[in-house]
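Q: Below are the structure tokens for one structure; questions will follow.
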Amino acid sequence: MKKRKLRGYVLPSIYGLVVICVFATVYFLNSSLSFQEPVKKDEQQVKETVKNNDNDVMVVNPVPDVPLKPFIKDTVSVAKSFYKQEDDTEQQKKSLIYYQNTYMQNTGILYSSDETFEILASVDGTVKEVKDDEILGTVVTVEHNTKVTTVYYSLSDVKVKSGDTIKASDIIGTSGMNKLENEKENCLLFEVYINGNLIDPTDFFNMSLEELK
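So the sequence shown is numbered by numbering that gives the first Met the number 0: it starts at 0 and just counts up by one.
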């Protein structure tokens, strides 16, 4: 019986098919691993975050991108708004502060409440000064950078001192009294300076932290 011989081109063809199959298998496995790897990493990060939390709950504290109001209690209202030259006469009257038979233009926003409320830092900064004012009570001045300064008047039970570094929403003190006529026992006069000039705190609350740098 004659032995059949494979033609010369058959063996190379078989070898070629085998090589192609091997490369295809390797490519498929690498693609699968590349697809799954980020998921595994993400799962590991989540597990580690949860594990490192005492209550086994992942808590995310969003960072505000605008200045905060210096209080959170909903019983606080605006007693006197910021005095603006361009306002009409009626609005300007609502922005005047009366003391010892004298009307003064309000340089910030005067907040008041029937209840004591906590005074919070509006933006990260450094306490520049804590002092007592004869008319407006205890005053805390906070520098946020070379551009922005905020001032908190009529405080009681002050929690900070000169030189302290504070974060937005940190408690500075509690509402207190001043000697302005017809004002409630729980007050806060809040001023904002940008580049040394007083601005309406209402405008300040609508500015981004980026533009305040």
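Glycine included, each C-beta is placed from N, C-alpha and C at the ideal position.
#1: In this structure, does DSSP put Q91 in helix, strand or coil?
#2: Closer than 6 Å by C-beta to K72: which residues in its own chain qualify, once you throw out the five before and the five after it? Chain order, please.
#3: Considering just the uninterrupted stretch of the beta strand (DSSP E) at V132, what are its terminal residues?
#4: If you compare alpha carbons, which of L197, I198, I96 and I171 is closest to D123?
#5: Touch check for the stretch 166-186 and the stretch 80-90: three-plus C-beta pairs under 8 Å?
#6: How big is the Cα-Cα spacing for S111 and Q91?
#7: Report, in whole angstroms, the separation of the C-beta atoms of K130 and V141, which I expect to be a contact under 8 Å.
#8: Got a sec? Which residues, its chain only, sit under 6 Å from E190 by beta carbon, not counting five neighbours each side?
#9: When the Cα atoms are used, what is the spatial distance from T201 to S207?
#10: Nearest by alpha-carbon distance to E133: which of N194, K160, L154 and L109 is it?
#11: Below 8 Å CB to CB, which residues in the same chain sit around E114 once its five sequence neighbours on both sides are set aside?
#12: Hey, how far is the Cα of F203 from the Cα of P66?
#13: Rounded to the nearest angstrom, what separates E128 and S161 at their Cα positions?
#14: Just to confirm, is the Cβ distance from V147 to I193 under 8 Å?
#15: Tell me, to the nearest whole angstrom, how far the beta carbon of L109 is from that of L197; I am working on the premise that it is less than 8 Å.
#16: Where does F189 sit, in a helix, a strand or coil, going by DSSP?
#17: Can you give me the Cβ contacts of T125 inside the same chain, cut-off strictly under 6 Å, excluding the 5 residues immediately before and after it?
#18: Specify the secondary structure class of T145 as computed by DSSP and reduced to three states.
#19: Could you give the residue range of the beta strand (DSSP E) that holds T101?
#20: Taking the continuous alpha helix (DSSP H) assigned at T201, which residues delimit it?
#21: Please classify Y152 as buried or exposed, where buried requires at least 16 neighbouring CB atoms within 10 angstroms.
#22: What residue range is occupied by the uninterrupted beta strand (DSSP E) comprising S174?
A: Straight from the coordinates:
#1: In the structure shown, Q91 sits in a helix (DSSP, three-state: H, G or I).
#2: Within the same chain, K72 has close Cβ partners F116.
#3: In the sequence under discussion, the amino acid at residue 132 is Asp, which differs from the Val named in the question. Annotation for D132: the continuous beta strand (DSSP E) segment containing it runs G124 to D132.
#4: The shortest Cα separation from D123 among L197, I198, I96 and I171 belongs to I171.
#5: Below 8 Å, too few C-beta pairs join the stretch 166-186 and the stretch 80-90 to call them touching: fewer than three.
#6: If you take the alpha carbons of S111 and Q91, they lie about 19 Å apart.
#7: Your pair K130 and V141 does not check out as a contact, with CB atoms roughly 13 Å apart and the cut at 8 Å.
#8: Counting only Cβ-Cβ distances below 6 Å, and skipping sequence neighbours, we find T106, G107 and V150.
#9: So the two alpha carbons sit approximately 13 Å from each other.
#10: That would be L154, whose Cα lies nearest to the Cα of E133.
#11: Hits under 8 Å: K72, T74 and N185.
#12: Cα atoms of F203 and P66: separation of roughly 7 Å, rounded to the nearest angstrom.
#13: Annotation: E128 to S161 spans about 5 Å, alpha carbon to alpha carbon.
#14: Here V147 is near I193, since their CB atoms are less than 8 Å apart.
#15: Between L197 and L109 the Cβ distance is about 14 Å, and since that is not below 8 Å, they are no contact.
#16: Shown here, F189 sits in a strand according to DSSP, grouped into three states.
#17: The beta carbon of T125 sits closer than 6 Å to those of E142 and T164, all from its chain and outside the five residues before and after it, given in chain order.
#18: Looking at T145 - three-state DSSP - the assignment turns out to be coil, as it is neither helix nor strand.
#19: Going by DSSP, T101 is part of the beta strand (DSSP E) stretching over T101 to Q104.
#20: P200 to F204 is the extent of the alpha helix (DSSP H) around T201.
#21: Buried.
#22: Its beta strand (DSSP E) spans residues I170 to S174.
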